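Novice: Chains as they are written, first to last, in the working numbering: chain W, 222 to 605; chain D, 222 to 605.
Ideal placement from N, C-alpha and C gives every residue a C-beta, glycine not left out.
Treat the numbers as computed from the prediction; the structure is a model and nothing was measured.
Right, dumping it as C-alpha cells:
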C-alpha cells in the first residue's frame, strides 16, 4: 500500500474500528465531534458528476446575550492540474479556471461566503525544475491580471469573497515575481494582496530562485464575513507568522500550500491546527493533490537519479478551530471541496477561557527577540 | 467507553487495523517509524513487578564525517499519586519519593542519562481547591529542600541528570511560591532552577492563586549529555516560549505537565510535537495520570455542582523529534517510564534541511512585536 493509494486515515478508521473505539479515537484525533453540514442535493449531485469530493461540517459556538452568532461558510478547494505541464500556458490557465470555476459553482450552491484556492493555483508547481520558461509566463498582475479578473467575476456572481493565490508579476518594481494571494471582496473589489513571508530552501527545490520574502507584513482583510489573513505554504512552519496575523486581528487564517508526502505529511495535521489553538482563531490548510510530471528531468540535490516529478501532493485539506477540534481531511488522492460553517464567536469564547493573549508576556519576548537577533548575542546557558 | 477506560489510541489501532493500513496510519500519525529500543530483561521484569509500563524507542540520525553520533538516553516518568490526598504531608512526599525512586532504578538499568518527572511531582495537583493548607506545605527550597536532596542522591547514584519540577518556596524573596524545575547535574551539583513562565487561569482553577509568572527567562542547562530546557505545563500553549528556549540553544525541551481529559486532550499530541518541528529540537511531553480526590468539595466556575476531583489526568507522555516523528504515548491510565535513545545530531541535520531559523525573519518580528504591545497599537487591516 503506497502513499498514493491510501485515500485517507479517516476512511481507514471508519472501516475497521468498532463504534465505541471509533468514537474515542475520533475524540483524541479530531477533538469535539463536529456536526455534518446539511448540503443541498443539487450540490452533491454536481460534485458527483464532476468527480470531486464534497464534505461539509459545522463548528458551533455557545449562544451569547449581546452578540448574535456570527456565522460564515468557508470553502476550501484542492485540485489536480487539468492539462499536461507541457500544454500551452494559456490553455493550462484556462483549463484550471474552468475546473475551479465549476467547483466554485458548487460552493455557491452550498452557501459559501469565502472561498480559498490552493497555492499558485493557476499553474503546475514547477519551481522544482529551476527552469525559467515557460513557468514565469504564468505570473500575472495581482491587480488586473487574467486570473484576478476571473476571480472578480466569480465574486460578483456568487456574492463571495475569493482568496486567489497566484504567481505575481510586479511591473511597478522592475517586473519582479512574488508568491501572492489576492483577496477579492464579495462586491468584486480587489481588497488587496498579501505576499508569502517565508520562502523555502528545502528538499527538492528552492523557491527563492523565483521570488523573495514578501514585503506586505501581516495585513488582515476586513471582509463582510469576518477578518481574514493568508499565510502562504512554508509560512505555516513559523509560529510567529501565524501569531502576527492573529495579533492584527485575523479570525480565519488560510494556509494555501503545495507539499508532498515524503517531505511533510506527518507535520501536516500538526502545524495549522497548532496555530488555531495557539492563536484562538480558525485556520484552513489547503494542499494540492496529484502528481505533476515535467518534460525535462531534474535532480534534487539528494544523490538520487534525475526524475520528472516532485512527488505526490497529498491533498488532505482541513479546517481547525481554536478549541482544538478539526474537520477530517479531504482525500489524499482526489479533487475536493471542503465546506464548513463557522461561528466566529467561538474565537473570543475560547480566548476568554484559555487566555493565551492575556498570558502571552509579549513585552518579554519583544525584548528577548531584540537581543537574540544581535550578531554578538550571548545565549542564556547555565553550566556546572 | 469512557475516557478513563480507553488505554491508548495506539493499542486500539494495533488491535483492529490490518497490517498494511496500520503501517500507513502510523506513518501519518507518528511520522517515520522508530526502532524499538532493546531493553534489559531485568528492567522489564522490575517494571512488571512494580506495575508500571516500560517502553523504549530510538530516534536515529544520519552518520556525519566530522561529528560522531551524540547519543543520549532520556527517561520520562508519569505516575499517580501514591497516598490519599488527606494523608500527612510528609508521608505523601516520602511515598512519592519511594515510588519514583524505584522507577528511576529501572531507568538506570535502561542506561538513562537524563530523567524528567512530571510537574509538581511531590504532591497532588491541588491548585484547583484554592485552599492554602496543607498544599503550601508541599513547597520546598529548590537549592536544598528534601526533594532536591533526594534528587542529588539519585543523580550521584546513577550518574544521571535529574529534572525535578516542584512547588518552590523562595525564602530569599519573602517566602513566595514558584512553580519551578530544579536541574541536578549527573555529578550531583544543582545546576540551577527554571520557573514556569506562563500561568494558567483556565477551567477548573487559577494557578496564580499560588504563584506568579516565572522570572528566570529562557535559560538553558548545559549538561554532559546535551543542552536542555524546561517549559513547564501551560507554557506549551505559547509558541514563543518554546522558540526562546531553542534560540538559547536547547537541544531537548522538557514539558512536565498536569492536565485533564476534557480540558486539553485533543491538543496534547499537537503542541509539543509542533514545537519539536518548529524549533529543530527534541521535545518531551509528560503528564501525570489518574484521578485525585480531595476531602473538601470545590466548584469550578462552570455552573456545575461542587465536586471532589479535578478530572482524569490522561498520562499519554511522549517524545517528539525535529523531523516530525514521535513515539507512541504511554498509557492513559497507568504509571509508566518512557525511554528513548536520541541522536542529538538529528537537530542540526533537520535544521540544515528545513532552515526555519535561517528563514525566520526574526528582525521583522522583533519590530512588529514591539509595536503590537503598545496600548495604542493600530492593527494592519485592509478595508473596502
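With 9 Å as the limit, tell me which residues of the segment 573-584 of chain D have their beta carbon closer than that to any beta carbon of chain W; keep them in chain order.
Specialist: Listed by position, the residues of the segment 573-584 of chain D near chain W (Cβ gap below 9 Å) are 574, 575, 576, 577, 579, 580, 581, 582, 583 and 584.
Novice: Just to confirm my understanding: we take residue 532 of chain D, look at its own chain, exclude 5 residues before and 5 after, and list those with CB closer than 8 Å. What are they?
Specialist: Closer than 8 Å at Cβ, skipping near neighbours: 425, 481, 482, 483, 484 and 512.
Novice: Look up residue 613 of chain W in the DSSP assignment and say whether it is helix, strand or coil.
Specialist: Nothing can be reported for residue 613 of chain W: it is not among the residues displayed for chain W, which extend from 222 to 605.
Novice: Looking at residue 504 of chain D and residue 534 of chain D, is the spacing between their C-beta atoms short of 9 Å?
Specialist: Taking 9 Å as the Cβ cut-off, residue 534 of chain D and residue 504 of chain D do not qualify as a contacting pair.
Novice: According to DSSP, is residue 252 of chain W part of a helix, a strand, or is it coil?
Specialist: Looking at residue 252 of chain W - three-state DSSP - the assignment turns out to be coil, as it is neither helix nor strand.
Novice: Does any C-beta atom of chain A lie closer than 9 Å to the C-beta of residue 334 of chain D?
Specialist: Among the protein chains in the structure shown, which are W and D, there is no chain A.
Novice: Rounding to the nearest angstrom, what Cα-Cα distance links residue 530 of chain D and residue 386 of chain D in this structure?
Specialist: Residue 530 of chain D and residue 386 of chain D: Cα-Cα distance of roughly 22 Å.
Novice: Starting from the Cα of residue 298 of chain W, find the closest Cα among W:391, W:559, W:416 and W:230 and give me that residue.
Specialist: The residue with the shortest Cα to Cα distance from residue 298 of chain W is W:559.
Novice: Hey, residue 455 of chain W and residue 506 of chain W: beta-carbon distance below 9 Å or not?
Specialist: Cβ atoms of residue 455 of chain W and residue 506 of chain W: not closer than 9 Å.
Novice: Would you say residue 422 of chain D faces chain W, with C-beta separation under 9 Å as the test?
Specialist: Yes, its Cβ sits closer than 9 Å to a Cβ of chain W.
Novice: Among W:407, W:278 and W:388, which has the Cα closest to the Cα of residue 379 of chain W?
Specialist: Looking at the Cα atoms, W:407 is the closest of the given residues.
Novice: Which residues in the same chain have their Cβ closer than 7 Å to the Cβ of residue 304 of chain W, if we skip the five residues on either side of it in sequence?
Specialist: Contacts found: 312, 313 and 316.
Novice: Which one or two residues does DSSP pair with residue 399 of chain W in a beta bridge?
Specialist: Beta-bridge pairing links residue 399 of chain W to W:389.
Novice: Residue 272 of chain D bridges to which residues according to DSSP?
Specialist: According to DSSP, residue 272 of chain D bridges with nothing at all.
Novice: Answer with buried or exposed for residue 517 of chain D, where buried requires no fewer than 16 other C-beta atoms within 10 angstroms of its C-beta.
Specialist: Residue 517 of chain D is exposed by the Cβ-count criterion.
Novice: Should residue 599 of chain D go down as buried or exposed, given a rule of 16 or more other Cβ atoms within 10 Å for buried?
Specialist: Exposed: under 16 other Cβ atoms inside 10 Å.
Novice: Can you tell which of D:580, D:409 and D:430 has its C-alpha closest to the C-alpha of residue 500 of chain D?
Specialist: Here the closest residue by C-alpha is D:580.
Novice: Using a Cβ-Cβ distance cut-off of 9 Å, determine whether residue 539 of chain W contacts chain D.
Specialist: No, its Cβ sits nowhere closer than 9 Å to a Cβ of chain D.
Novice: Run through DSSP, which three-state label would residue 443 of chain W get?
Specialist: The answer is strand: DSSP assigns residue 443 of chain W an E or B state.
Novice: In whole angstroms, what separates the C-alpha of residue 605 of chain D from that of residue 258 of chain W?
Specialist: Answer to the nearest angstrom: the Cα atoms are 30 Å apart.
Novice: If we ignore side chains and look at the alpha-carbon of each, how far apart do residue 174 of chain W and residue 418 of chain W end up?
Specialist: Chain W is shown from 222 up to 605; residue 174 of chain W falls before or after that span and cannot be answered.
Novice: What do you reckon, are the CB atoms on residue 545 of chain W and residue 498 of chain D nearer than 9 Å?
Specialist: No.
Novice: Put residue 487 of chain W into one of helix, strand or coil per three-state DSSP.
Specialist: Three-state DSSP puts residue 487 of chain W in a helix.
Novice: Which one or two residues does DSSP pair with residue 379 of chain D in a beta bridge?
Specialist: DSSP, once it has assigned bridges, lists no residue as partnering residue 379 of chain D.
Novice: Any beta carbon from chain D within less than 9 Å of residue 515 of chain W's own beta carbon?
Specialist: So no, residue 515 of chain W is outside the interface.
Novice: Measuring straight from C-alpha to C-alpha, what distance separates residue 557 of chain D and residue 339 of chain D?
Specialist: Their Cα atoms are separated by approximately 11 Å.
Novice: Measuring only between beta-carbons, confirm whether residue 356 of chain W sits less than 9 Å from chain D.
Specialist: No, its Cβ sits nowhere closer than 9 Å to a Cβ of chain D.
Novice: Taking the DSSP output, what are the residues bridged to residue 554 of chain D?
Specialist: In the DSSP output, where bridge partners are listed per residue, residue 554 of chain D has none listed.
Novice: Could you run through the segment 487-498 of chain W and flag, in chain order, every residue whose CB is less than 7 Å away from some CB of chain D?
Specialist: Within the segment 487-498 of chain W, the residues whose Cβ lies closer than 7 Å to some Cβ of chain D are 487, 488, 491, 492, 494, 495 and 498, listed in chain order.
Novice: Does the beta carbon of residue 239 of chain W come closer than 9 Å to any beta carbon on chain D?
Specialist: Yes, residue 239 of chain W counts as interfacial toward chain D.
Novice: Please classify residue 294 of chain W: is it buried, with 16 or more other beta-carbons within 10 angstroms of its beta-carbon, or exposed?
Specialist: The residue in question, residue 294 of chain W, is buried, as its Cβ has 16 or more Cβ neighbours within 10 Å.
Novice: For residue 603 of chain D, which residues in chain W fall below 8 Å Cβ to Cβ?
Specialist: The answer, in chain order, is 404, 412, 413, 440, 441, 442 and 443.
Novice: Within 8 Å, do at least three Cβ pairs link the segment 560-578 of chain W to the segment 283-293 of chain W?
Specialist: Touching, per the Cβ criterion.
Novice: At a CB distance below 9 Å, what residues from the segment 446-472 of chain D approach chain W? Give them in sequence order.
Specialist: Those would be 448, 455, 458, 459, 460, 461, 462, 463, 464, 465, 468, 469 and 470, in chain order.
Novice: Check residue 296 of chain D in the structure and name its three-state DSSP category.
Specialist: If DSSP states are grouped into helix, strand and coil, residue 296 of chain D belongs with the strands.
Novice: Please look up how many angstroms separate the CB atoms of residue 359 of chain D and residue 310 of chain D, rounded, as I've assumed it's under 8 Å.
Specialist: Residue 359 of chain D to residue 310 of chain D, Cβ: 6 Å. Contact.
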